[in-house]
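The structure appears right after this line, and notes come after that.
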Amino acid sequence: MNAPTLLSSCAHAAGAAEARFRVDYPNARARASRIVALDDGAAAVMRQVAHEDWDGARFLTFRAARSAPGIAGLTLDATLAAEDGEETRLSAELEGADVVVMIASAGHGAEGAAVVGNACSVRSIMTAGLIVAPRRDDPGVERAVQVLRPHAAVLVIASDPDFVPAMLTALRA
Amino acid sequence: MLRKDVNDLLTLTGPGTAMGDLFRQYWMPALLAEELAEDDCPPVRVKLLSERLIAFRDSKGRYGLIDEFCAHRGVSLWFGRNEEGGLRCPYHGWKYDVTGQCISVPSEPEESGFCQKIKLRSYPLIRIGDILWTHMGDAAQRPPEPQWEFAHVPPEQTFTSKRWQESNWLQAMEGGIDSSHVSWLHSGALNSDPLFKGARGNRYNHGDMRPHFEVVEADGGLFIGARRNAEDGKYYWRITPWVMPSFTMIPPRGDHPVHGHFWVPIDDQNCWAWSFDYHPVRALTREERTAMQDGFGIHVKYAPGTYRPLANKDNDYLMDRAAQKRGETFSGVDGIAMQDASLQESMGPIVDRTKENLVSTDNGIIMARHRLRKAVEALRDKAVVPPGVDPAHHRVRSASVVLDPDIAFVDACKDDLKVRPGVKQSSV
């Protein structure tokens with residue numbers, strides 16, 4: 523008794539005529555996205571896009587690690603700078619965060635990647651690493667790959683800074 | 003998520019569209035050579051990039067791809083007689099050569115030269131390997147012929163098929179660069195399909211269901227590395243090349259042949275999924291070729307007399323809930339190709355990407371869309387030739403390797419990801 527009987531109950535529902543009957547509603551709540559520049563070069567790239575119209579994303583710059591009471595055995599927190607220059611703490615920013623995008627430029631970001639990555643890992647927060655480098659053969663790219671790889675579910679090496687807003691839009695930041 | 007204007011930009015490929023113009027920069031697969039098997043054989047209807055065309059092979063073995071409709075009264079030349087160096091419309095006898103030039107209008111005196119004034123739109127059609135290729139762009143900008151390895155190895159080392167997919171080309175292509183679905187959708191096939199089973203790498207696929215990804219730009223497109231845990235702290239990498247706009251290769255398994263795809267728009271709601279298998283250094287075995295012909299691996303069983311899959315929309319893809327429950331298939335649909343196609347068609351003819359919720363591991367797809375968009379805009383606004391036109395970009399391979407944990411795959415595998423004549427694929 524499972525045989526399809528109506529157009530909408532069989533695979534033909536994938537056709538253009540049936541597509542208009544798809545239920546139209548917002549199918550996800552807004553994500554809490556944190557974009558963290560791990561070094562000055564990355565911060566400059568980030569500033570180019572931070573002013574655009576985002577869905578609640580917060581843009582932050584890593585300043586320094588700082589000792590802190592442990593969460594799941596971690597003893598490090600970090601000081602971050604918000605868009606307006608105000609200092610804030612990584613642990614506070616990660617409360618309720620759904621996704622953290624770490625941005626690094628070639629050869630940099632080692633300290634920040636470890637602190638931010640570990641903090642996300644113990645909180646089960648989705649991570650992505652993005653290395654923005656005009657030249658793939660820059661030796662600094664390889665160093666950035668090595669420091670970000672252990673801490674990001676995905677690592678992208680992009681020559682084009684325009685990829686940053688494309689990625690953030692795709693991730694509904 | 004993709005804004006609607008960008009989704010439209012990337013998915014619409016008819017005449018006058020920006021993405022259509024991009025596709026017209028490339029040599030594309032148009033037909034299997036078997037479709038025009040001999041001189042003066044029946045003509046074949048072809049639709050590509052939303053243009054209806056007719057392909058034929060004349061008395062001297064020359065291939066033609068011309069406007070489907072006679073310039074006189076608009077009759078389809080599929081009804082034509084392919085004879086004596088041209089295709090003759092059966093209505094009033096007008097005849098065309100492989101360039102679309104009218105060479106006979108029987109009602110008019112030959113010396114009037116009237117027929118010289120009639121010419122149908124035509125595109126070149128050349129044979130390389132098992133495929134007839136066309137270039138639908140400006141003849142003055144025609145690129146060198148394609149250099150894809152699968153089309154240039156000896157015939158006994160390669161096999162190509164095509165199947166109709168009832169969806170836009172982009173969602174089909176995106177499946178080709180989406181490595182994370184393999185451990186789920188195709189999990190049963192890794193153990194049972196004769197063209198996949200038995201490879202050591204399959205164990206890593208089954209053992210690590212949450213791969214990590216690295217996306218690296220290449221001259222022609224991207225390399226997408228999927229990393230899973232292997233023994234002794236090492237990583238198993240599966241590296242997928244994507245060459246713009248629509249060529250993808252699947253990382254190999256053991257000594258099985260290497261497979262890949264072209265995704266070519268028929269119109270905005272349909273595409274051809276071209277599927278090839280080849281081995282760089284040896285002939286395909288009889289068992290391998292038979293398996294491909296029987297629809298295993300990335301190929302399909304056909305509805306008789308067509309290139310439409312036997313499992314299709316009309317029969318709910320022969321859904322087998324019992325096999326799904328037993329775990330033989332994850333989705334209930336049999337065969338790797340139709341497991342992909344059934345789900346991609348279910349998205350709708352052109353998936354509404356404003357509704358999707360991508361996650362960080364979808365960054366291969368995100369980067370591919372970004373590069374396509376940039377290339378489309380650069381071509382449209384500055385006449386920049388897009389990546390993937392240069393035949394040097396065609397000479398890529400996929401690879402599967404086990405590496406130490408601190409090595410960048412794109413550097414460690416620099417040679418593995420290039421065509422090396424006489425050297426077998428790098429595969430685990």
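So the protein sequences, as listed, match chains F and S.
According to this note's numbering, the first sequence holds residues 523 to 695 in order.
According to this note's numbering, the second sequence holds residues 3 to 430 in order.
Just so it is clear, CB atoms sit at the ideal spot from N, CA and C, and this is done for glycine as well.
On a predicted model such as this, the values are computed, not experimentally measured, just so you know.
Selection S:Asp-132, S:Lys-164 and S:Gly-350 evaluated against Pro-157 of chain S yields S:Asp-132 as nearest (Cα-Cα).
Residues of the region 63-80 of chain S with a C-beta less than 7 Å from any C-beta of chain F: none at all. Taking C-beta atoms as the reference points, Ser-627 of chain F and Gly-563 of chain F count as a pair closer than 8 Å.
Following the DSSP letters along the chain, one finds Ile-557 of chain F in no alpha helix (DSSP H) but inside the beta strand (DSSP E) bounded by residues 555-559. Comparing alpha carbon positions, the residue from S:Asn-314, S:Cys-415 and S:Gly-227 closest to Asp-364 of chain S is S:Gly-227. Under the Cβ criterion (8 Å, minimum of three pairs), the region 39-48 of chain S does not count as touching the region 144-161 of chain S.
In the displayed model, Asp-316 of chain S falls within a helix according to three-state DSSP. When DSSP states are grouped into helix, strand and coil, Gln-149 of chain S belongs to the coil group. Listed along chain F, the residues sitting closer than 7 Å to Ile-368 of chain S by beta-carbon distance are Ala-688, Met-689 and Ala-692. For Pro-687 of chain F, the uninterrupted alpha helix (DSSP H) run begins and ends at 685-692, by DSSP. Proximity of Arg-551 of chain F to chain S, defined by a Cβ-Cβ separation below 8 Å, is not satisfied. Residue pairing by DSSP leaves Asp-10 of chain S without any beta bridge partner. Taking a beta-carbon distance threshold of 8 Å, Lys-376 of chain S counts as an interface residue toward chain F. Under a criterion of Cβ atoms nearer than 9 Å, the residues of chain S adjacent to Met-648 of chain F are, in order, Val-361, Ser-362 and Thr-363. Where Arg-375 of chain S is concerned, the enclosing alpha helix (DSSP H) starts and stops at 365-384.
Per the DSSP secondary-structure output, Glu-85 of chain S pairs in a beta bridge with S:Gly-88. Annotation for Ser-555 of chain F: Ala-579, Val-621 and Ala-695 place their beta carbon closer than 6 Å to its own, counting only its chain and skipping 5 residues before and after.
In the structure shown, Gly-651 of chain F adopts extended strand secondary structure according to DSSP, grouped into three states. Asn-170 of chain S is classed as buried because its beta carbon has at least 16 other beta carbons within 10 Å across all chains shown. When the beta-carbon positions are compared, Asp-682 of chain F and Gly-631 of chain F stay at least 8 Å from each other.
Taking the C-beta atoms as reference points, Ala-73 of chain S is found no nearer than 8 Å to Ala-57 of chain S. When Cβ-Cβ separations below 8 Å define contact, Val-217 of chain S makes contact with chain F. According to the DSSP assignment, Met-624 of chain F belongs to the beta strand (DSSP E) that extends over 621-627. Bounds of the alpha helix (DSSP H) holding Phe-411 of chain S are 411-414. At least one CB atom of chain F sits nearer than 8 Å to the CB of His-214 of chain S. With 16 or more other CB atoms across the displayed protein chains lying within 10 angstroms of its CB, Ala-293 of chain S is buried. Restricting attention to S:Ala-285, S:Thr-287 and S:Asp-279, the CA atom closest to the CA of Val-302 of chain S is found in S:Asp-279.
With a cut-off of 8 Å on Cβ pairs, the region 240-250 of chain S is in contact with the region 378-395 of chain S, counting three or more such pairs. By alpha-carbon distance to Arg-645 of chain F, the top candidate from F:Gly-662, F:Gly-629, F:Leu-616 and F:Val-545 is F:Leu-616. Between Ala-414 of chain S and Ala-343 of chain S, the C-beta gap is not smaller than 8 Å, which leaves the two residues out of contact. DSSP places Ser-248 of chain S outside both helix and strand once states are collapsed to three, so it counts as coil. Nearest C-alpha to Leu-693 of chain F among S:Pro-389, S:Leu-374 and S:Ile-368: S:Ile-368. Shown here for Ala-20 of chain S: same chain residues with a beta carbon closer than 7 Å to its own, the five before and five after excluded, namely Leu-11, Val-378 and Arg-382 in chain order. Counted as a single uninterrupted DSSP element, the beta strand (DSSP E) harbouring Asp-69 of chain S occupies residues 65-69. The residue from F:Val-567, F:Thr-601 and F:Ala-635 with its alpha-carbon nearest to that of Pro-656 of chain F is F:Val-567.
The beta carbons of Ile-679 of chain F and Arg-658 of chain F sit about 6 Å from each other, so the pair counts as a contact at 8 Å.
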